[in-house]
Structures are given as C-alpha cells and as structure tokens.
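Chains as they are written, first to last, in this note's numbering: chain R, 37 to 503; chain H, 2 to 341. Virtual Cβ for every residue (Gly too), placed ideally from N, Cα, C. These numbers were taken from a predicted model, which means no experiment stands behind them. Taking it in order: structure first as structure tokens, then the write-up.
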C-alpha cells in the first residue's frame with residue numbers, strides 16, 4: 037500500500053515537472069519572437085525626437101521610501117537625471133525610522149511648503165510636503181507609515197501628470213528608462229494603460245550603473261548572480277511571452293508605468309495585500325475584461341535599471357517568502373477568473389499558469405522532498421536514476437536560463453562577455469546552489485499565506501561603503 | 002517505475018544538454034561577432050545585388066509581423082545609403098495599417114528632412130497615416146520649414162487635423178493668427194484648447210480678447226489651457242480673472258490658475274490678497290499657496306512677522322502653511338547667522 041501511494045506521488049511530481057517544463061519551453065518560443073520584434077521596433081524608434089518633443093506625454097515618477105537611507109539619494113539622483121521632456125519626481129517617505137528623510141533634506145536642499153493637493157485616495161496622515169531649491173521637479177511627501185501601497189497612493193494624490201511611474205527607492209535607472217517605457221504609450225495612449233520593463237540585480241546598484249553599458253559588470257558573487265539569472269528568466273522567458281499573449285499579470289513594483297485615470301478608476305494601490313504590484317495588475321485586467329474594454333499592458337525587454345538584491349541567504353528568503361505570499365493571496369483572491377472564458381487569455385491561461393507554476397509549486401516540491409528519499413529507500417527506483425533525474429532537471433533549467441541570457445544580450449548588449457560566460461557556467465548549478473533556498477522561501481511563504489500573515493518583513497539593506 | 006524515470010531523465014538530458022551548449026555558444030560567439038562589427042567602420046553605401054535585394058524587400062508588403070519589420074529595416078538601410086528609391090518606397094511603408102510600422106516610416110521621413118519628406122509628413126498628418134502625435138514631433142523637429150504648409154490644416158473639415166494644425170503653429174508667431182483666433186470658437190473643444198494654447202505665444206488686443214473669452218468656456222480643459230495662456234498673453238492684467246478661476250468647479254482649472262498666477266510672480270499679489278476672504282475654501286487655500294510660492298509669505302515673515310496681513314494669509318492657508326513658513330524662515334535666519 038505504502039509503495040503504491042509513493043508510486044502515485046512520484047508520478048504526480050514527474051507529471052508536474054514535465055508539464056511545467058513544457059509550458060516554459062512554449063513560453064520561451066513566444067518570448068523569442070516578441071524579443072525580436074521589440075528589437076526591430078527599438079531600432080526604428082528615435083529616442084532623440086521623443087526626448088526633445090513637447091508631445092511626449094509628461095510623467096509623474098513616484099518613489100515610495102521606507103528605511104532607505106543607504107540607497108534613496110542615489111535612486112532620486114538617477115530619477116532626476118532621467119532624459120525626458122517633462123517629468124516630476126515625487127518621493128514619499130513612508131514614516132521611515134532611519135535617516136531617509138534627513139538624507140533627502142541635505143542632498144536636495146529641501147524646504148517645507150504647503151501644497152493643497154487633491155485627496156483622491158485616503159492615506160495615513162501627511163506630515164509635510166517639501167520642495168527642492170535645486171530641483172523644481174522634485175517633491176518630497178513626508179507621511180506617517182502606512183505601507184508601500186499607502187505611500188504610492190499619497191504620491192498619486194500629489195501627482196500632476198496623466199501618467200505615473202511607480203518605482204522603488206533601491207533602484208538606479210538608465211537615463212533613457214522613462215523614454216523606453218513611454219515609447220509604446222506615446223504611440224497609442226488610448227489603449228496602452230500599463231508598461232513595465234526588465235530590471236537587473238546588483239548588490240550595490242549605484243556602483244554597477246556608474247559603468248557604461250557595454251562594459252558593465254555582473255556581480256559574480258553566486259547569490260547575486262543567481263538572482264540576476266532569476267530575473268532574466270522571469271522577464272525574458274515569461275513576462276515577454278505573457279505580454280505577447282495578452283496576459284501580462286505582473287507589472288513589477290520597481291518600474292511600473294500606469295495611466296493615472298485607470299488607477300483612480302480601480303481605487304489605487306490596495307493595502308489589503310502583502311505587496312501591491314501584482315494585485316493591482318490583476319485588478320486592472322479584471323476590471324477592463326469584465327467591462328469588455330480595449331486595452332493593453334506590456335512588458336518590455338529593455339533593461340531600464342538595476343535594483344538591489346539581498347546579499348545574504350536570510351534576506352533572500354525573507355524577500356522571496358513575501359513574494360510567494362502575495363502571489364498566493366492574489367491568485368486566491370481572483371480565483372473566480374481561473375478558467376473563466378469571460379477573462380479571455382488572462383482567465384484561461386495567465387491565472388491558471390500562476391496557479392500551476394507558483395501557487396502549487398511548493399506543494400509539489402514538498403511532496404518530492406518527502407517522497408523521493410522514501411522511494412529510493414523502498415527500492416522504487418535507484419539512487420543512480422535519481423541522480424540522473426536531478427542532472428536532467430539541472431540542465432533543463434540551464435537551457436532555459438541560457439535562452440534568457442541570449443535574449444537579454446541580443447536586446448541590450450550591456451554586460452561584459454566574460455560575465456555572460458560566467459553566468460552560463462553557473463546556470464546548471466542553480467539547482468543545487470540556489471534553488472533549495474527558493475524552495476524553502478516558497479514553503480515558508482505558502483505556510484504564512486495559509487496562516488493569513490500579511491506582514492511585510494522588509495529585508496535589511498545591504499551594507500555599503502559611504503559615498 | 003525505475004525504468005520510466007530513467008527514460009524521462011535520459012530524454013530530458015538528451016534535449017537539455019545540447020540546447021544549453023548551443024545557446025551558450027550562441028551567446029559568446031554572437032557577442033564576439035557583435036563587438037567585432039562595432040569596431041569596424043559602418044558601411045557607406047549599398048551596391049548592386051544588395052541594393053536590389055533591399056529594394057525588393059522594402060517594396061513587398063508583408064503579412065507577418067516579422068516580415069513587416071524586415072521591410073522597415075531594409076528601408077532604414079536604404080535611407081542610410083541615400084538610395085534614390087527611398088521616396089517611392091517610403092510612401093508604401095507609411096500606408097501600412099500597423100501604426101508601429103508607419104511610425105518607423107515617419108521617423109525616417111523626419112531624419113531625411115527634405116522638402117518632399119515634409120510634404121509627405123503633412124500629408125500623413127492630414128490622412129491620419131500613423132500616430133499623429135509622432136508625425137507632429139517630427140514636423141516640429143523640422144521647424145521652420147513646415148510652417149507655411151501647416152496653415153491650410155486650420156481650415157480642414159476634420160477636427161483632429163485642425164487640432165494638430167493649431168498645435169503645430171506654436172513656433173510660428175507670424176503665421177495664422179486670425180485663423181487661430183477664429184478657432185477659439187470652434188465646435189470641437191480640443192481645437193479650441195489647442196488654439197488658445199498656441200495663442201499664448203502671441204499678443205495684441207484681438208489675441209487678448211480671444212484668450213480671456215476662453216476663460217469662460219463651458220468645457221473645463223479649454224479653461225485650463227486658457228488660464229495658462231492668459232498669464233503669457235495678458236500679463237498682470239489677467240490676475241483678477243485668474244484669481245476668479247481659483248474657485249472653479251474643476252480641480253485642474255484651479256491648478257492651472259495657480260500655475261498661471263505663480264508665473265506672474267509678485268504682480269499677482271494684490272489680486273490674490275483680495276481672495277483671502279473668499280467664501281470658497283479652495284479659493285482661499287489656493288490664494289495662500291500662491292502667495293507662499295511667489296515668496297510673499299516669506300518676505301512678510303522675515304520683514305514683519307507680526308503683520309496682520311500675514312495672519313490673514315495664515316488664516317486662509319491653515320496651520321500647516323504657517324508651520325512651513327516658520328521652518329523656512331528659521332532656516333534663512335540660521336544661514337544668516339552662520340554667514341555672519
């Protein structure tokens with residue numbers, strides 16, 4: 037009896053493995069087509085014209101900052117230096133307990149001013165609004181802590197322009213990041229309501245971004261390099277394909293452009309979820325599809341900036357368990373969309389894909405961890421076959437990773453060749469050196485989801501040498 | 002079970018290992034080849050068979066997205082080489098129903114910038130071939146050449162064309178003034194808004210009258226553009242009318258009025274002071290905010306902190322306006338002490 041149950045469990049895990057890998061292969065093929073088309077499109081765009089034109093739609097960039105004393109100044113400087121005809125930068129200090137506010141005050145010569153802004157969204161109390169004597173397009177909102185969603189809503193209340201771009205305070209951007217994101221919107225503002233784009237990972241984004249594209253290093257420390265690969269796979273193998281197929285379900289918090297009237301219509305960022313980005317994307321899809329409206333949300337392959345990745349396993353697990361929790365919360369909340377033809381590709385493919393590859397993954401992983409050693413011990417299959425299967429999984433993963441590296445390099449040509457070769461060599465070892473931590477984080481996240489835990493558990497920022 | 006898992010593992014390995022190797026080589030060799038190509042000087046022209054191939058590719062209408070982009074790339078290559086077939090080919094690419102493909106042709110026309118290219122851009126704006134905002138960006142980049150060709154657009158039957166005609170005349174203060182004034186009474190509010198926005202770069206009694214009339218337009222975004230224009234066209238004399246808009250029913254009109262009053266600087270102060278006791282709290286707040294932004298509050302707080310006028314402004318703007326002013330003044334005093 038035990039052997040039969042074990043056999044069923046092992047077969048279920050095997051079936052799950054094959055199904056997810058086949059899905060990924062199908063998505064990679066779509067992503068490769070999308071990447072090529074976007075490359076042609078980028079080559080035909082004149083960023084110089086968009087950068088100088090008064091017809092390029094102005095954007096309000098909103099940065100939510102909570103305990104970001106180490107990174108906030110570099111992030112805001114990169115945002116103020118964006119090459120764009122007209123944009124404002126709104127930094128929302130969400131009740132930081134560290135020196136975030138004083139760093140901003142010193143770096144940008146801030147002075148308090150009373151601004152009578154609209155209160156479209158109810159937020160925690162705004163203590164003061166600051167303007168910069170040096171940068172007329174910088175506004176800093178100092179408010180009581182209410183979480184990232186609340187901070188972004190406070191920024192939306194102050195925003196003056198028709199498009200908003202939510203970004204993270206630990207991200208340093210390319211000069212043309214906003215032009216890259218807005219180039220689609222400018223061509224069709226009536227239909228394109230949301231855009232996101234690829235971001236790279238580094239331990240210290242400011243340092244990496246100081247090196248010009250083409251010669252930029254990749255952090256070779258395995259933990260950071262594996263996160264870099266994780267992002268590449270997520271954006272190039274998955275999100276590009278989702279974008280092409282009409283179910284781009286995660287506009288990432290580190291760079292998300294939205295038409296502001298859409299955010300106002302759906303009620304802004306929600307505080308009811310652990311994170312705000314994926315839930316908002318689901319909500320916008322749900323609303324527009326339910327009402328039968330014509331719209332598009334896209335993910336672009338261009339690398340628009342570099343964001344900070346945790347440099348210790350503890351911090352990484354803390355971040356990834358939170359991501360797992362919010363995915364589970366969102367997919368469960370929008371369960372009425374699963375396999376519902378009313379929601380077209382989002383309901384028929386996108387939400388079930390998330391359910392299969394993200395929400396259910398920890399369950400299968402747990403079953404595999406428990407049943408496989410037992411199956412070997414009971415002689416269901418040999419240790420040699422087990423090891424061969426592990427190698428097969430590792431190389432399947434490596435092949436998908438190599439595809440993501442190729443797509444990225446074809447699109448942006450940012451990194452040094454030697455670093456790309458290093459990433460390619462690291463790829464097969466992902467299964468043993470990195471994946472176990474992610475499995476642990478996902479199990480932890482799923483457990484906390486089941487316990488309805490909604491805490492943020494923000495990871496401590498990486499220590500850096502003073503600027 | 003052992004046999005099944007073994008088979009799956011072998012098949013997966015047989016597929017994955019070669020794929021990983023091939024893709025890795027593609028990354029490294031592709032990058033090496035790209036770097037070599039970048040070091041070589043760009044080719045100066047296209048000749049013989051290559052030119053014929055590119056012309057063929059650019060002439061052929063493509064059904065697939067892939068084919069369309071290859072067509073665009075061929076056109077770009079021919080344009081770089083100043084091939085004589087470009088004017089003929091670009092017309093057909095411009096007519097592509099896919100706006101992204103048409104945009105590529107628009108961009109190429111902007112780069113060429115010759116008179117025939119300007120004519121084609123104006124005609125594309127008229128016909129609606131490609132996104133009009135993109136065509137407008139190219140036409141504006143080519144100023145002053147397109148100017149006279151834009152005036153006839155103001156009399157077009159299509160409001161979208163009239164809108165872009167009015168918008169694009171902004172850098173040409175000597176052109177189309179009377180037509181622009183008459184467009185401030187156009188049946189389409191977008192055209193009225195564009196006309197009044199462009200009039201902001203001109204002056205004279207007729208322009209002033211048209212701008213002030215638009216401040217009472219029934220459509221809110223026309224009032225927004227009129228408010229912004231009034232500051233430029235009418236100057237300080239517009240302040241009393243602009244302060245009236247601080248109590249407008251639309252938030253964006255009030256914001257535009259505040260922006261315009263800020264632009265007038267201290268010249269707006271007398272009018273703003275008269276609104277401090279307005280029955281509408283938005284108007285009172287707005288007036289106090291602008292008085293703060295033009296530096297009048299700080300001037301009073303430094304020069305005469307016990308002034309009843311300052312108290313009136315604080316009463317209109319609220320406690321936070323007072324706190325912010327006091328913090329700023331404290332900073333100024335500290336800096337003065339440090340400097341001394």
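Excluding five sequence positions before and after residue 322/H, the CB atoms of its chain that fall closer than 7 Å to its own CB belong to 289, 293, 315, given in chain order.
The CB of residue 252/H comes closer than 8 Å to the CB of 154 in chain R, given here in chain order. At least one CB of chain R lies nearer than 8 Å to the CB of residue 293/H. When C-beta atoms of the region 435-455 of chain R are compared with those of the region 21-34 of chain H, three or more pairs fall below 8 Å, so the two segments count as touching. At the C-beta level, residue 100/H and residue 131/H come within 8 Å of one another. Residue 75/R and residue 446/R do touch by the CB rule: their CB atoms are close to 6 Å apart, below 8 Å.
In the assembly as shown, residue 174/H is an exposed residue. Its beta-carbon has fewer than 16 other beta-carbons within 10 Å. Residue 449/R belongs to the set of residues whose beta carbon lies under 8 Å from a beta carbon in chain H. Taking all protein chains in view, the Cβ of residue 58/R is surrounded by fewer than 16 other Cβ atoms within 10 Å, so the residue is classified as exposed. Counting only runs of 4 or more residues that sit fully inside the region 347-398 of chain R, the alpha helix (DSSP H) segments are 349-369, 387-390, in chain order. If the five residues before and after residue 432/R are omitted, its C-beta is found closer than 8 Å to the C-beta atoms of 57, all from its own chain and listed in chain order. Close CB contacts of residue 168/H within its chain, under the 8 Å cut and outside five residues either way in sequence, are with 137, 195, 198, 199 (chain order). Within a 10 Å sphere around the beta-carbon of residue 41/R sit fewer than 16 other beta-carbons, which makes this residue exposed.
Of the residues assessed, residue 224/H falls on the buried side of the cut-off, its CB having 16 or more other CB atoms within 10 angstroms. Contact annotation for residue 124/R against chain H: no contact, minimum CB-CB distance about 13 Å [criterion: below 8 Å]. Among the residues of the region 27-47 of chain H, those with a Cβ less than 8 Å away from any Cβ of chain R are 27, 28, 29, 31, 32, 33, 35, 36, in the order of the chain. Closer than 8 Å to the CB of residue 244/H there is not a single CB belonging to chain R. Closest in C-alpha terms to residue 203/R, from the list 242/R, 413/R, 340/R, comes 340/R. Interface residue (Cβ-Cβ distance to chain R less than 8 Å): residue 212/H is not classified as such.
With 16 or more other CB atoms across the displayed protein chains lying within 10 angstroms of its CB, residue 90/H is buried. In this structure, the alpha-carbon of residue 103/R lies about 27 Å from that of residue 119/R. In chain order, 99, 205, 206, 207, 208 place their CB closer than 7 Å to the CB of residue 111/R, counting only its own chain and leaving out the 5 sequence neighbours on each side.
Taking a C-beta distance under 8 Å as the contact criterion, residue 232/H and residue 273/H do not qualify as a contact pair. Scanning chain R for C-beta atoms nearer than 7 Å to the C-beta of residue 20/H yields 435, reported in chain order.
Apart from the 5 residues on each side of it in sequence, residue 189/H sits with its Cβ closer than 8 Å to the Cβ of 160, 163, 164 in its chain, given in chain order. By the 16-neighbour rule on beta-carbons within 10 angstroms, residue 397/R is buried. The alpha-carbon of residue 42/H is positioned some 21 Å away from that of residue 453/R. For the region 74-106 of chain H, the set of residues with a beta-carbon nearer than 8 Å to any beta-carbon of chain R comprises 74, 77, 100, 101, 104, 105, in chain order.
Against chain H, a Cβ distance below 9 Å from residue 81/R picks out 104, 105, 108. The region 128-135 of chain R makes contact with the region 180-191 of chain R; the number of CB pairs closer than 8 Å reaches 3 or more. Where residue 83/R is concerned, the enclosing alpha helix (DSSP H) starts and stops at 83-88. Counting C-beta atoms within 10 angstroms of its own C-beta, residue 303/R has fewer than 16 neighbours from the protein chains shown and is therefore classed as exposed. Near chain R, meaning a CB-to-CB distance below 9 Å, the residues of the region 135-153 of chain H are 135, 137, 138, 139, 141, 142.
Among the CB atoms of chain H, none fall inside 8 Å of the CB of residue 137/R. Here residue 337/H is exposed: its Cβ has fewer than 16 other Cβ atoms, across all protein chains shown, within 10 Å.
Proximity of residue 233/R to chain H, defined by a Cβ-Cβ separation below 8 Å, is not satisfied.
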